[in-house]
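Engineer: Dumping the structure here so I can ask a few things about it.
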Amino acid sequence: MLEQTLQTCFQEESGQDPPIVTGCYEGNVSKANIFKERNRKGECWALYDKVLGTNEFTSIGFRGCKIAPSFMRVLDKIFEQFSLITVLILQRCSLDVNGLSLIVSTLQCIEDLNLDENFIPIQNYGLLLLNKNILKHLSLKFCKINEAGAQDLAKSLEFRDPKTQHLLSLNLSFNHINSNGAIHLAKALRTNRELESLSLIHNWIDDEGATALSEVLQKFKLNEEEFGLRLERQVLVLLKKKELMEELYIVSQENSNK
Numbered sequence: 427m428l429e430q431t432l433q434t435c436f437q438e439e440s441g442q443d444p445p446i447v448t449g450c451y452e453g454n455v456s457k458a459n460i461f462k463e464r465n466r467k468g469e470c471w472a473l474y475d476k477v478l479g480t481n482e483f484t485s486i487g488f489r490g491c492k493i494a495p496s497f498m499r500v501l502d503k504i505f506e507q508f509s510l511i512t513v514l515i516l517q518r519c520s521l522d523v524n525g526l527s528l529i530v531s532t533l534q535c536i537e538d539l540n541l542d543e544n545f546i547p548i549q550n551y552g553l554l555l556l557n558k559n560i561l562k563h564l565s566l567k568f569c570k571i572n573e574a575g576a577q578d579l580a581k582s583l584e585f586r587d588p589k590t591q592h593l594l595s596l597n598l599s600f601n602h603i604n605s606n607g608a609i610h611l612a613k614a615l616r617t618n619r620e621l622e623s624l625s626l627i628h629n630w631i632d633d634e635g636a637t638a639l640s641e642v643l644q645k646f647k648l649n650e651e652e653f654g655l656r657l658e659r660q661v662l663v664l665l666k667k668k669e670l671m672e673e674l675y676i677v678s679q680e681n682s683n684k
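To convert a position in the sequence shown, counted from 1, into the numbering used here, add 426.
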């Protein structure tokens, strides 16, 4: 079924042959074991979950496929046909600035995004975290992210709008982040209360950066700006509770008048 869908979509949107479907797997198969021929281009795989009572796919991955408008239109059609897909993997897909913008526009239904091995010179990966999407897990391994890229991500991780604070895990392993980049990320963690996991193994972080990260994991005093953000967060929570109480009151009044 996946092969037929890809064949139809790629022919309609780009006139090109679809990527090779390496397999459709049941359950939580290790993603590292799926791409066995790592140098082959144009691979695709998918996972389905019988626990949901259906054979519909919940995850889809591509490797070695050029991210272009025609490819994103194919993805849109796949998401329309397989509405339970929440995991998207696009490894080594020659992602550029335009491709990243296209991906951002498709994140409304994606909770887990893997963009490993996609190097973007402008390093604006923070775009992925700015929109009001439901993204919870993001992997950016082997993307050559440096201090500038870490700073861009840190700006997006800082608390600004609770509607954009959904990310739970961020994997930045095997990149070029130095201590200054780690300091930027540590500053963001002072106000971000949603992120539960941040992986920075195999980067260029020395003692200074490690110290900054360790300090933010302990109790610390808020500065004036952070104190203001905390008050803002508390006010937003109270307003949300007030709105909910008003909605419940209206519903109860309507029920009592029946």
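Where a beta carbon is used, it is the ideal one built from N, C-alpha and C, also for glycine.
Since we're looking at a predicted model, the values are computed, not measured.
#1: So which of 636, 539 and 435 has the shortest CA-CA distance to residue 495?
#2: Residues in its own chain within less than 8 Å of residue 549 by CB, not counting five upstream and five downstream?
#3: In three-state terms, what does DSSP make of residue 563?
#4: Cβ atoms of residue 523 and residue 546: under 8 Å apart, would you say?
#5: Quick test of your reading: residue 469 and residue 488, contact by CB under 8 Å. State the CB separation rounded to the nearest angstrom.
#6: Going by Cα to Cα distance, which pick from 497, 639 and 504 is closest to residue 486?
#7: Would you check if the distance between the CB atom of residue 642 and the CB atom of residue 616 is smaller than 8 Å?
#8: Determine the contact status of residue 620 and residue 593, defining contact as a CB-CB distance below 8 Å.
#9: With burial defined as no fewer than 16 other Cβ atoms inside 10 Å of the residue's Cβ, what is the status of residue 551: buried or exposed?
#10: Does DSSP put residue 502 in a helix, in a strand, or in coil?
#11: With residue 626 and residue 662 assumed to form a contact (beta carbons below 8 Å), what rounded beta-carbon distance in angstroms separates them?
#12: CB residue 614 to CB residue 638, shorter than 8 Å?
#13: Could you give the residue range of the beta strand (DSSP E) that holds residue 487?
#14: Run the CB neighbour count on residue 632, radius 10 Å, all protein chains shown included, and call it buried at 16 or more, exposed below.
#15: Please classify residue 509: does DSSP put it in a helix, a strand, or coil?
#16: Along the beta strand (DSSP E) that carries residue 595, what are the first and last residues, could you check?
#17: Excluding the 5 residues flanking residue 610 on each side, which residues of the same chain have their C-beta closer than 6 Å to its C-beta?
#18: Would you please state the rounded distance, in angstroms, between the beta carbons of residue 618 and residue 584? I believe it to be under 8 Å.
Structural biologist: If we stick to the structure as given:
#1: The count along the sequence shown starts at 1 and reaches residue 495 at position 69. Looking only at 636, 539 and 435, the smallest Cα-Cα distance to residue 495 is reached by 435.
#2: Start at 1 with the first residue of the sequence shown, and residue 549 comes out as number 123. For residue 549, where only same-chain residues beyond five positions count, the Cβ hits under 8 Å are 571, 572, 574, 575 and 578.
#3: In the sequence shown, residue 563 corresponds to position 137, counting from 1. Strand, per DSSP.
#4: Start at 1 with the first residue of the sequence shown, and residue 546 comes out as number 120. Start at 1 with the first residue of the sequence shown, and residue 523 comes out as number 97. For residue 546 and residue 523, yes; Cβs fall inside 8 Å.
#5: Within the sequence shown, the letter at position 43 stands for residue 469. Within the sequence shown, the letter at position 62 stands for residue 488. Contact annotation, residue 469 with residue 488: C-beta distance approximately 7 Å; criterion of less than 8 Å satisfied.
#6: By 1-based counting over the sequence shown, the position of residue 486 is 60. Checked all of 497, 639 and 504; the closest Cα to residue 486 is 504.
#7: Counting from one through the sequence shown, the residue named residue 642 turns up at place 216. Counting from one through the sequence shown, the residue named residue 616 turns up at place 190. The answer is yes: Cβ separation under 8 Å.
#8: Taking the first residue of the sequence shown as 1, we reach residue 620 at position 194. Taking the first residue of the sequence shown as 1, we reach residue 593 at position 167. Yes.
#9: As a working note, residue 551 is residue 125 in the sequence shown. Under this definition residue 551 is a buried residue.
#10: To locate residue 502, count along the sequence shown from 1; it is residue 76. It is helical.
#11: The sequence position of residue 626 within the sequence shown is 200, counting from 1. The sequence position of residue 662 within the sequence shown is 236, counting from 1. Contact flag wrong, Cβ pair sits at about 30 Å.
#12: Walking along the sequence shown from the start, residue 614 turns up at place 188. Walking along the sequence shown from the start, residue 638 turns up at place 212. Contact annotation: residue 614 and residue 638 have beta-carbon atoms that are not nearer than 8 Å.
#13: The count along the sequence shown starts at 1 and reaches residue 487 at position 61. That run of the beta strand (DSSP E) goes 483 to 489.
#14: Taking the sequence shown and counting its residues from 1, the one referred to as residue 632 is at position 206. By the 10 Å Cβ count, residue 632 comes out exposed.
#15: Indexing the sequence shown from 1 puts residue 509 at position 83. Coil, per DSSP.
#16: Here residue 595 refers to the residue found at position 169 when the sequence shown is read from its first residue. Where residue 595 is concerned, the enclosing beta strand (DSSP E) starts and stops at 595 to 597.
#17: Here residue 610 refers to the residue found at position 184 of the sequence shown. Excluding positions up to five away in sequence, the list reads 576, 577 and 580.
#18: The residue you call residue 618 lines up with position 192 of the sequence shown. The residue you call residue 584 lines up with position 158 of the sequence shown. Taking a contact as a CB-CB distance under 8 Å, the pair residue 618 and residue 584 counts as one, their CB atoms being some 7 Å apart.
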